[in-house]
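Residue numbers (this note's numbering): 23 to 103.
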């Protein structure tokens with residue numbers, strides 16, 4: 023499963039938290055470490071996902087994208103299952 027980065031960013035902004043606020047809450051040493059996670063350049067660790075969900079009040083079932091969004095067909099061909 024893939025973390026829904028859009029909902030994290032949306033909820034963070036709605037709650038008025040800055041990237042620096044989130045970095046501090048997760049115990050990261052600087053804001054760019056959090057930014058890279060939220061931007062998808064680095065993956066959130068499992069414990070960070072739980073902390074983000076709690077902090078931003080996001081239900082765990084809303085925090086993940088289903089597998090259909092995580093699979094990309096780079097061949098351009100349809101698969102018959």
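By construction, the Cβ of each residue, glycine as well, lies at the ideal position given by its N, Cα and C atoms. Please read these numbers as outputs of a predicted model, since none were measured by experiment.
- In the structure shown, the three-state DSSP call for residue 50 is coil.
- Rounded to whole angstroms, residue 32 and residue 25 show a C-alpha spacing of 13 Å.
- With contacts defined as CB atoms closer than 7 Å, residue 60 and residue 29 fail to qualify as a contacting pair.
- Nearest C-alpha to residue 53 among 79, 68, 65 and 40: 40.
- Under a 10 Å Cβ-count criterion, residue 76 is classified as exposed, with fewer than 16 other Cβ atoms of the shown protein chains found around its own Cβ.
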